[in-house]
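First the structure, in the form of structure tokens, and then the observations on it.
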Amino acid sequence: MIKRPLLLLSMFLVFTAGSMTSTVSAAGKGFYDNGQTKWEYLFEEGVISEARWYSEAGELISRETYVAGQADKTEGYRLDGSVEWQVKLLEGGRQEVTRFDLEGQKTELYQTVAGQVDGVYMTFYGTGQAKQMVTYSQGVLNGPATTFFPSGQVEHEFSYSNGEVDG
Numbered sequence: 003m004i005k006r007p008l009l010l011l012s013m014f015l016v017f018t019a020g021s022m023t024s025t026v027s028a029a030g031k032g033f034y035d036n037g038q039t040k041w042e043y044l045f046e047e048g049v050i051s052e053a054r055w056y057s058e059a060g061e062l063i064s065r066e067t068y069v070a071g072q073a074d075k076t077e078g079y080r081l082d083g084s085v086e087w088q089v090k091l092l093e094g095g096r097q098e099v100t101r102f103d104l105e106g107q108k109t110e111l112y113q114t115v116a117g118q119v120d121g122v123y124m125t126f127y128g129t130g131q132a133k134q135m136v137t138y139s140q141g142v143l144n145g146p147a148t149t150f151f152p153s154g155q156v157e158h159e160f161s162y163s164n165g166e167v168d169g
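In the working numbering, the protein residues as written are 3 to 169.
Structure, rendered in structure tokens:
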């Protein structure tokens, strides 16, 4: 899907690496047929610092930030500009995924490995209070689970084994 932009980006880096300055600059851009920017890569002192993707109407759809040239965090945006989701890259190939409601409150928090949920998966009430906490192992419900009342008190505690309620 983005092979062509990455090829263009690579070519740009080869030809301009020696002329980069210490300022942030847009090093590569792709465009929709209507002329709107589709994607752009920003560099700081010759190292990629950010990548942005836009809709055909020009709204920012997602943004990826880099630390020392390595992808660090990606965010997806709603049309109103608010953050809808965020993915942080962690060690060992893990990703931390956070989803947000229209008011910016966290609604879900979980980690994935190889595209599958792995570890604790939490959902939240609109107040930010924990609503549910379940445990996954390689995409399958497996381990302790807890539901909470809006007050924060425990509602139920139970366990899953291979995707089924245990006991």
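Just so you know, even glycine gets a beta-carbon here, dropped at the ideal spot from N, CA and C.
In this text the structure is predicted, and so the values were computed from the model without any measurement.
Leaving out five residues on either side along the sequence, give the residues of the same chain with a beta carbon under 7 Å from the beta carbon of I50. Y43, Y68 and G71
Would you list the one or two residues that DSSP bridges to T109? According to DSSP, T109 bridges with nothing at all.
Using the three-state DSSP reduction, which class does E61 fall into: helix, strand or coil? When DSSP states are grouped into helix, strand and coil, E61 belongs to the coil group.
Rounded to a whole number of angstroms, what is the C-alpha to C-alpha distance between T100 and G121? 14 Å
Is G32 helix, strand or coil by DSSP? Assigned with DSSP and collapsed to three states, G32 falls in strand.
Under DSSP, the beta strand (DSSP E) around F126 begins and ends at which residues? G121 to F126
According to DSSP, simplified to helix, strand and coil, what is G94? helix
Taking its Cβ as the centre, do 16 or more other Cβ atoms sit within 10 Å of A53, making it buried, or is it exposed? buried
By Cβ distance below 6 Å, which residues in the same chain neighbour S24 in space, the five residues on each side in sequence not counted? Residue placement at S24 is flagged as unreliable, the pLDDT there being 44, under the threshold of 50; a coordinate-derived value is accordingly withheld.
Kindly list the residues whose CB is nearer than 7 Å to the CB of L81, restricted to its own chain and excluding five residues on each side of it in sequence; keep chain order. E61
By the DSSP assignment, the beta strand (DSSP E) with R54 in it spans what residues? V49 to Y56
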